[in-house]
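Below: the structure, in structure tokens.
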Amino acid sequence: MDTERQGKLKKRRAAPLATPTDLGAEATRELSGVLNGILADVFALYLKTKNFHWHMSGPHFRDYHVLLDEQGVEIFAMTDVIAERVRKIGGPTIKSIGHIAKLQRILDNDADYVQPLDMLAELREDNKTLASHLREAHEICDTHRDIATASLIENWIDEAERRTWFLFEASRNSDGTGH
39 MDTERQGKLK KRRAAPLATP TDLGAEATRE LSGVLNGILA DVFALYLKTK
89 NFHWHMSGPH FRDYHVLLDE QGVEIFAMTD VIAERVRKIG GPTIKSIGHI
139 AKLQRILDND ADYVQPLDML AELREDNKTL ASHLREAHEI CDTHRDIATA
189 SLIENWIDEA ERRTWFLFEA SRNSDGTGH
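39 is the number of the first residue of the sequence shown in the working numbering; add one for each residue after it.
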């Protein structure tokens, strides 16, 4: 490769990721920060959901296993949309597992064994926590008039509430009639 071409490549590599947006620098910084926190939480919740899916046991194994698999798919689907939204508004997004670990607020569970109902309860609380963080992010969107991000967040809140509801109902004590 010739010297001139190498120089151009080096320049491009060093160029900032300056995505054009009508949002101001402060809005980009605040929105990117809150969205990267959400993204870290979503990755943590996804991995925990899959962990519990893989380690499920007991008489309701199939039902819980399938439920957590479905929820994992839904949670993972959020990741690319969140990261791309950060990039669309001109911010950088997370770059590694280590970066996720620094930002996540959803706690990991590395226990060798967790009772099935405890798994469901923990994921229920984690989804409630995610919904709360999403509401906080929505307030920041409102402050900066970022309607597009707010619209996405509204759908994610609904999805988190639906997962919370399903986890709650799946873990309720039955009276023998299914109720």
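Note that the Cβ used here is the ideal one computed from N, Cα and C, for glycine as well. Note that the structure is predicted; figures quoted are calculated from it, not measured.
- Cα atoms of THR187 and ASN193: separation of roughly 10 Å, rounded to the nearest angstrom.
- In its chain, beyond the 5 residues on either side, ILE132, ILE138, LEU141 and GLN142 have a beta carbon closer than 7 Å to the beta carbon of ALA78.
- Taking LEU155 as the centre and dropping the five residues before and after it, the same chain places the C-beta of SER209 closer than 7 Å to its C-beta, in chain order.
- Between SER189 and GLY129, the gap from beta carbon to beta carbon reaches 7 Å or more.
- In terms of Cβ geometry, ILE144 and LEU83 form a close pair [threshold 7 Å].
- Linking MET94 to GLU68 through their CA atoms gives a straight-line distance of about 39 Å.
- By the Cβ neighbour-count rule, PHE90 is buried, with 16 or more other Cβ atoms within 10 Å of its own.
- The alpha-carbon separation between ASP107 and LYS88 amounts to approximately 7 Å.
- Per DSSP, the continuous alpha helix (DSSP H) segment holding MET116 begins and ends at 99 to 126.
- With a 10 Å radius around the Cβ and a threshold of 16 neighbouring Cβ atoms, GLU174 comes out exposed.
- By the C-beta density criterion, VAL111 is exposed, having fewer than 16 other C-beta atoms within 10 angstroms.
- The C-alpha of ASP164 is placed about 26 Å away from the C-alpha of ARG125.
- GLY62 carries a coil assignment under DSSP once its states are collapsed to helix, strand and coil.
- When the Cα atoms are used, ARG43 and GLY136 turn out to be separated by approximately 34 Å.
- Ranked by Cα distance from GLY96, the first of GLN153, LYS86, GLU177 and THR181 is GLN153.
- Cα atoms of ASN147 and MET157: separation of roughly 10 Å, rounded to the nearest angstrom.
- With respect to the C-alpha of THR117, the residue from ASP101, GLU160, ARG100 and LEU73 having the closest C-alpha is LEU73.
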